[in-house]
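Written out below as structure tokens is the structure these notes cover.
Protein chains in written order, with this note's numbering: chain A, 14 to 511; chain B, 381 to 676.
Here's what the structure looks like:
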């Protein structure tokens, strides 16, 4: 019997204070796409870090094609043909495509110190054509789009004669067309008998690509199943250890009178003539392809970017929003797309982040902050939103994605905002935490808040919105009620159909 | 700018003056080339001027005590290299922030040169040939310092652009984590760049001793800022990953042309500082704006 490509048995790994992996088994066949799923903190990335030599396991064995191997350094993994494409790419932005592909293995000429650029460029062109990537080898990587960078990483993995390619959340920053391209490439890899380990939170997407799926929970191995014959519901149950009920809690909030009216919002060359009304207690989903201008619309509304035209009315009266502080004063809050980059202050702790926008409310004349009140109010929000943190003084960079998102939400609530703009609220967050966010959104709208929810996940749009605004190339393609909306009808308008 | 100064002062555009400008450029230029390597990795070296001084002082003593010229040159170079290696060690293996490590080196090296000389210059009284290192003109026209600068620049450029180690210098500056994960010995790379910087400062120190025919313990004060400014004006990004030797040379040229021109216009030293500061800010501002438009 031909042994599996990879067999990891009885893997244990501990860090101070936490057992990250407890007797985990994992196997991979040649030419298979094997998905690895689990909530944040379940141990997926730890397992992969062991496989790629970033960490050393405490106990367990790893067998490659039937033979036991030792992986102690990243270079060992590379020699064994194990390649990983991280969510945050491992590329050098200032270096060219060609330089990136060949880093640490540049073709040499004359002595072993001088690089043979010409040969390198030639070999680069060959490699790029293998992944159907049409790029100039001399382009600097920071001029490439996210999708192109990802393709480059894949090309690099292939060129390293990878037998095993690990992909960590590969589709989170791609458009649908780019995702199709990626899947096509994955099929080609499968045909070449490359084994692929695919880590993703997007369970529905796995249906198109995965053969088997392994679930981890709290560092333990829960099970490995064939994708055929398993429903998403089953997988979720394995991931969280309990029935999750419906993904999306029922919308019971009543939609009230108009709260915010946007008329003709325009920003030259970016968004054109956007008009809509947001009601009290409503969730307005904003759908559209990447680049349709959704985030740009939100930023213009919030005053983060200067608008070139349009009026904004709050409860019937025209208001001027020229900067975020104006928007905040009118009770509008914005949870950004990339919370690590422009949402959280990672170096500060939980209570500092929660009270960041409302510090003035805790400051007496003369600038003295009321620490007691800050702690008390932060504690209230931590309880209210069920933010999992060891203490208020924990630095937010150590929290999981879902809890980080809750901290930002707490910040806006603490400031007393009534209108919340959520931009990709559950990106990079596991299923259990997603549901908690949805429940919170429901509760807030039940209390009279209004929410604009920008999302690229159609199930999320369909599951949570009361009405859906679809954008296409910077303009409004249509607004529909949830009752009459389907994935197809939304996509139709999002891609420019009339 | 050359045109501007030519108009503003009758003394600018004559041959002797231009030669002087180029000679000035050589000193700062050599140091700036060294620090370019460091900045590309995302680091910084504040000790440049002090290393110039201490290398010069030790070389000066060696020569004053009768040693042959070649030994003086060797000793000065070695001292510069040693300082660089030490800084490099602290940053690469001691994991000290570059700013702090080189600040410490800056102070200690300066202190060392004062200790060794008790604050007094070392004169190369009996030595008639050492100053030729600086003052000799090849073919009666081309000053040796210029040759040194050009040769060093060509070698440095080649190393950065065509060798593996040069590539790894850029890689370390562009994404240190990725560099490490790609199997690049990042610590070694850092050690190397600081050593280069020290070496260059040492060479410059020797050049200055030759020019002045004496070793001044107080010399080089502020040179680090000039050298860094030259590199930055020339397009080296302080956040790492980008830099060009040719750019650094141009930066050094701009700085010395400015100083020279302003001198000839009888602008006071103090005002010169102000003007130079403004020019540096403007140059970097333009560069940053230019980069912003390039990115998608």
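Heads up, the beta-carbon is just placed ideally off N, CA and C, and yes, glycines get one too.
Since we're looking at a predicted model, the values are computed, not measured.
Query, Result
"Residues that residue 106/A contacts on chain B, provided the C-beta gap is smaller than 9 Å", "554, 555, 621"
"Cβ of residue 542/A within 8 Å of any chain B Cβ", "Missing from the structure shown is residue 542/A; chain A here goes from 14 to 511 and no further."
"Near-chain B residues of the stretch 67-90 of chain A - C-beta to any C-beta below 8 Å", "67, 87, 88"
"Alpha helix (DSSP H) segment containing residue 473/A, residue limits", "471-477"
"Start-end ranges of the alpha helix (DSSP H) lying completely within the stretch 92-134 of chain A, minimum 4 residues", "110-114"
"Interface residues of chain A facing residue 421/B [CB-CB closer than 7 Å]", "Result: empty, since nearest Cβ-Cβ is about 12 Å, beyond 7 Å."
"Given 8 Å, three or more beta-carbon pairs between the stretch 339-359 of chain A and the stretch 428-442 of chain A", "yes"
"Cβ contact (3+ pairs, closer than 8 Å) linking the stretch 153-160 of chain A and the stretch 87-107 of chain A", "yes"
"Cβ-Cβ distance between residue 316/A and residue 339/A below 8 Å", "yes"
"Coil, strand or helix - residue 493/A by DSSP", "strand"
"Beta-carbon proximity check, residue 37/A vs residue 60/A, cutoff 8 Å", "yes"
"Counted within 10 angstroms of its Cβ, other Cβ atoms place residue 487/B as buried (16 or more) or exposed", "exposed"
"Three-state secondary structure assigned by DSSP to residue 276/A", "strand"
"Under the three-state DSSP convention, the category residue 261/A falls into", "coil"
"Cutoff 8 Å: residue 103/A Cβ touching any chain B Cβ", "yes"
"Reduced DSSP secondary structure (H/G/I, E/B, other) of residue 498/B", "coil"
"Residue 405/A in three-state terms, based on DSSP", "coil"
"Identity of the residue in 640/B, 570/B, 625/B, 561/B nearest residue 464/B by Cα", "570/B"
"Within 9 Å of chain A by C-beta, residues of the stretch 496-517 of chain B in sequence order", "none"
"Test item: CB-CB of residue 209/A and residue 96/A under 8 Å", "no"
"Through-space distance from residue 664/B to residue 676/B, alpha-carbon basis", "Unreliable placement is indicated for residue 676/B, whose pLDDT of 43 sits below 50; the coordinate value is still reported in the next sentence. Approximately 21 Å, taken between the alpha carbons."
"Residue 134/A at chain B interface by Cβ criterion, 8 Å", "no"
"Through-space distance from residue 72/A to residue 625/B, alpha-carbon basis", "50 Å"
"C-alpha distance - residue 661/B paired with residue 468/B, whole-angstrom precision", "28 Å"
"Status (buried if at least 16 other CB within 10 Å, exposed otherwise) for residue 190/A", "exposed"
"Any 3 or more C-beta pairs closer than 8 Å across the stretch 507-514 of chain B and the stretch 436-449 of chain B", "yes"
"Outcome for residue 587/B when other beta-carbon atoms lying within 10 angstroms are tallied against a minimum of 16", "buried"
"Collapsed DSSP secondary structure at residue 323/A in the structure displayed", "strand"
"Backbone CA spacing between residue 462/B and residue 415/B [nearest angstrom]", "15 Å"
"Cβ-based neighbour list, residue 359/A, same chain, cut-off 8 Å, excluding 5 preceding and 5 following", "353, 408, 409, 410"
"Distance CB(residue 168/A)-CB(residue 136/A) smaller than 8 Å", "no"
"Whole-number beta carbon distance between residue 420/B and residue 580/B, since they are thought to touch under 8 Å", "Not really, about 14 Å apart at Cβ, beyond 8 Å."
"Cutoff 6 Å; reference residue 298/A; Cβ partners in own chain excluding five residues on either side", "466, 474, 478, 481"
"Min CB distance residue 119/A to chain B below 8 Å", "yes"
"Test: residue 656/B CB closer than 8 Å to a CB of chain A", "no"
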